[in-house]
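Let me begin by presenting the structure, written as C-alpha cells, before commenting on it.
Numbering (UniProt numbering), first residue to last: 1 to 330.
So, in C-alpha cells, the structure goes:
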C-alpha cells in the first residue's frame, strides 16, 4: 500500500493520527509539502513501512526513538529539514535499512557507535549537520557500503587504516571537517572508488603512492589541507580522472605531466609554493638535478678550490721572496 502527498503546499503539521493509518502501509511519500512541527512518535505504529520520505520540509524536533518499531524499513529520507537533537541509537536496530539520508539538518552529537551493526546499509548521508567527535570504528567495518557522505560537520580525529575495508565504495566525502593525521595508505585498496573528497581538513604528511591504484577514480579533491611531499607520479595511470584539486597545501616537486594531467589547469595546483612543472599549470619550470648538472656543479667547485690554492701559493711565494730581499738588503 502506498500513500503519497509530496510536492503539495499543505503548510501544516504531520498529525499524530498518522499512526492510525493502515499497518499495511509500505510507502509514505510526504516530501516538499511545507510540513512543519516534529515527527510524531506514533509514526512507529506503521510497522510495515518499507520507505519513509519526508525530505524538503520544515520539520523540527528530534528523530523519534519509535522508529525502532519500523523493522521492515529500507529507506529513511529526512534530508533538508530543521531536525535537531542526536541520531538515536535505535536506528542501529533497523537491520533492513538500506539507505539513510539525514543531510542538511541541525543534528548534533556523535554518530552512534553501533552504526556498523546495520549490515544492510549501502548509502549513508549525514552531511551538512553539526556532528562532533570522531567516526565510529564500526563504520569502517561496513564492507558493503557504497556511498558515504559526512561532509560539512565538525568531526575530528584521524582516518583509520580500516578505511581500506570499504572496498566497494564509489563515493567517500569527508570534506569540511576537522580531521587530522595522515591519509592511510590502505585507501589504495578502494578499487571501486569514483569520487573522493578530503578537502578542507588539517590532514598532514604525504599523498600515499597507493592512491595511484584507484583506477576508477574520476574526482579527487585534497585541497585545503597541510599535505606535503610530491604528487605521486603513479597518478598518471588514473585515466578516468577528470577533476583533481590539491590546491592550498604544502606540496613540492614536479607535477606529473602524463595521463589525465594534460587536462588540468592552474586551479588544481595553486598555493603550493614549492611545486614546479609545465607552464600550463601556472608553475615555474623545474630545475634539473640530473647527473650532468651535478657533475657540472662538482667541476665548478673543484675549479674554485684550485684557484684558491694557486692564489694561496702565489701569495706565500711573494711573501717569501719579499722577505728574502729585505734580509739581503740589510
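Every residue gets a Cβ at the ideal spot worked out from N, C-alpha and C, and that includes glycine.
Quantities reported herein were computed from a predicted structural model and do not represent experimental measurements.
- In the three-state reduction of the DSSP assignment, residue 113 falls in the helix class, which pools H, G and I.
- For residue 281, the three-state secondary structure derived from DSSP is helix.
- Within the region 226–288, the runs of beta strand (DSSP E) that reach at least 3 residues and sit entirely inside it are, in chain order, 226–229, 243–245, 250–254 and 274–276.
- In the DSSP annotation of this structure, the continuous segment of the beta strand (DSSP E) that includes residue 219 starts and ends at 219–221.
- Looking at the DSSP output, residue 157 shares a beta bridge with 179.
- If you ignore the 5 residues before and after residue 197, its C-beta comes within less than 6 Å of the C-beta of 173, 175 and 221, all in its own chain and listed in chain order.
- Around the beta-carbon of residue 109, fewer than 16 other beta-carbon atoms lie within 10 Å, marking it exposed.
- Taking the Cα positions, residue 56 is about 9 Å away from residue 30.
- When C-beta atoms of the region 122–142 are compared with those of the region 182–202, fewer than three pairs fall below 8 Å, so the two segments do not count as touching.
- The three-state secondary structure of residue 69, taken from DSSP, is helix.
- In this structure, 151 is the residue among 146, 121, 151 and 144 with its C-alpha nearest to the C-alpha of residue 135.
- Using a Cβ distance threshold of 8 Å, residue 204 and residue 223 do not count as a contacting pair.
- Around the Cβ of residue 200, a 10 Å sphere holds 16 or more other Cβ atoms; the residue is buried.
- Assigned with DSSP and collapsed to three states, residue 12 falls in strand.
- Within the same chain, and ignoring the five residues on either side of residue 265 in sequence, no residue has its Cβ closer than 6 Å to its Cβ.
- Rounded to the nearest angstrom, the gap between the Cα atoms of residue 245 and residue 5 is 42 Å.
- The bridge partners DSSP lists for residue 49 come to none.
- Per DSSP, reduced to three states, the secondary structure at residue 163 is helical.
- Secondary structure of residue 132 (DSSP, three-state): coil.
- The beta carbon of residue 218 lies closer than 8 Å to those of 194, 195, 240, 241, 242 and 243 in the same chain, with the five residues before and after it left out.
- By the Cβ neighbour-count rule, residue 69 is buried, with 16 or more other Cβ atoms within 10 Å of its own.
- Membership of residue 170 in any beta strand (DSSP E) is not indicated, and neither H nor E is assigned to it by DSSP.
- Between the alpha carbons of residue 254 and residue 275 lies a gap of roughly 6 Å.
- At the C-beta level, residue 283 and residue 259 stay beyond 8 Å of one another.
- Sorting 75, 90 and 89 by C-alpha distance to the C-alpha of residue 96 places 75 at the top.
- Residue 2 sits in a strand when the DSSP states are folded into three classes.
- Closest by C-alpha distance to residue 89, out of 28, 62 and 257, is 62.
- For residue 75, DSSP records a beta bridge to 51 and 99.
- When beta bridges are read from the DSSP output, residue 205 appears opposite 227.
- When DSSP states are grouped into helix, strand and coil, residue 104 belongs to the coil group.
- Residue 277 is positioned such that its CB atom lies closer than 8 Å to that of residue 257.
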